[in-house]
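Encoded as structure tokens, the structure appears first; notes follow it.
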Amino acid sequence: MSESERPETADGHVGWSDTLKMLREEVSSLVKTVPGPVASVSLRIGECALDVTWASAAGPQAQVAQAPVAQVVAAEPAGEAEAARDAALHEVTAPLVGTFYVAPEPGAGPFVKRGDRVEAGQTIGIVEAMKLMNPVAAERAGEVVEVLVGDGEPVEFGQCLVRVRTDTA
């Protein structure tokens, strides 16, 4: 926003409400020009700075936390089975900071619940950020073994939302 575009009050000062309105319009315009969801927005009033970070298309996949694999001991066949089960767990993580919703709208049933079968690409929830609804999809097929975040709860980027026991070939 240039100096000539900033609204001024009768005494020559910039009005905060007008400045914030223009800032909101600029951010909305900027968000629409770049593909992909916004990961974070920060605003500093002193010297009026604004930082917007977009989640890269490969970002959430590249930062998926894997469940720890149990140490395999040759003398314990049961330990091997447990290690294989743990290795098959996949965590679906939040692609951005926002509010997680388990259903498409209030009063509707959840996208998934424990015990449900999911396919790769299937929506498991929604993260709302800046009034934009961003669907979160399972990256792998399998069975939902745990839903870690409740409806309407705030989430952080990379936070585990759902654990899926993946199909083994």
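In the working numbering, the protein residues as written are 6 to 174.
Note that beta-carbon positions come from the ideal geometry of N, C-alpha and C, so glycine has one too.
Exercise for review: Measure from the alpha carbon of residue 157 to the alpha carbon of each residue in 108, 29, 23, 167, then state which is nearest.
Suggested key: Of the candidates 108, 29, 23, 167, the one whose C-alpha sits nearest the C-alpha of residue 157 is 108.
Exercise for review: Give the secondary structure of residue 145 by DSSP, where H, G and I count as helix, E and B as strand, and everything else as coil.
Suggested key: coil
Check your understanding: Is residue 28 helix, strand or coil when you go by DSSP?
Key -> helix
Point to revise | Coarse secondary structure for residue 134, derived from DSSP in three states | key: strand
Check your understanding: Alpha carbon to alpha carbon, how far is residue 147 from residue 169?
Key -> 6 Å
Check your understanding: With 16 other CB atoms within 10 Å as the buried threshold, where does residue 128 fall?
Key -> Residue environment: residue 128 is assigned as exposed (fewer than 16 neighbouring CB atoms within 10 Å of its CB, all protein chains considered).
Point to revise | Local Cβ density within 10 Å of residue 134, reported as buried at 16 or more and exposed below that | key: Result: buried.
Point to revise | Secondary structure of residue 62, DSSP reduced to three states | key: Interpretation of residue 62 is limited by its pLDDT of 47, a score under 50 that renders its predicted location unreliable; the figure taken from the coordinates is listed afterwards. In the structure shown, residue 62 sits in coil (DSSP, three-state: anything other than H, G, I, E or B).
Review point. Just reading off the beta strand (DSSP E) that residue 167 is part of, what are its end residues?
Key: 165–171
Practice item. Tell whether a beta-carbon distance below 9 Å holds between residue 149 and residue 123. Key: yes
Review point. Between residue 27 and residue 34, what straight-line distance do the alpha-carbon atoms span, to the nearest angstrom?
Key: Cα-Cα distance, rounded: 10 Å.
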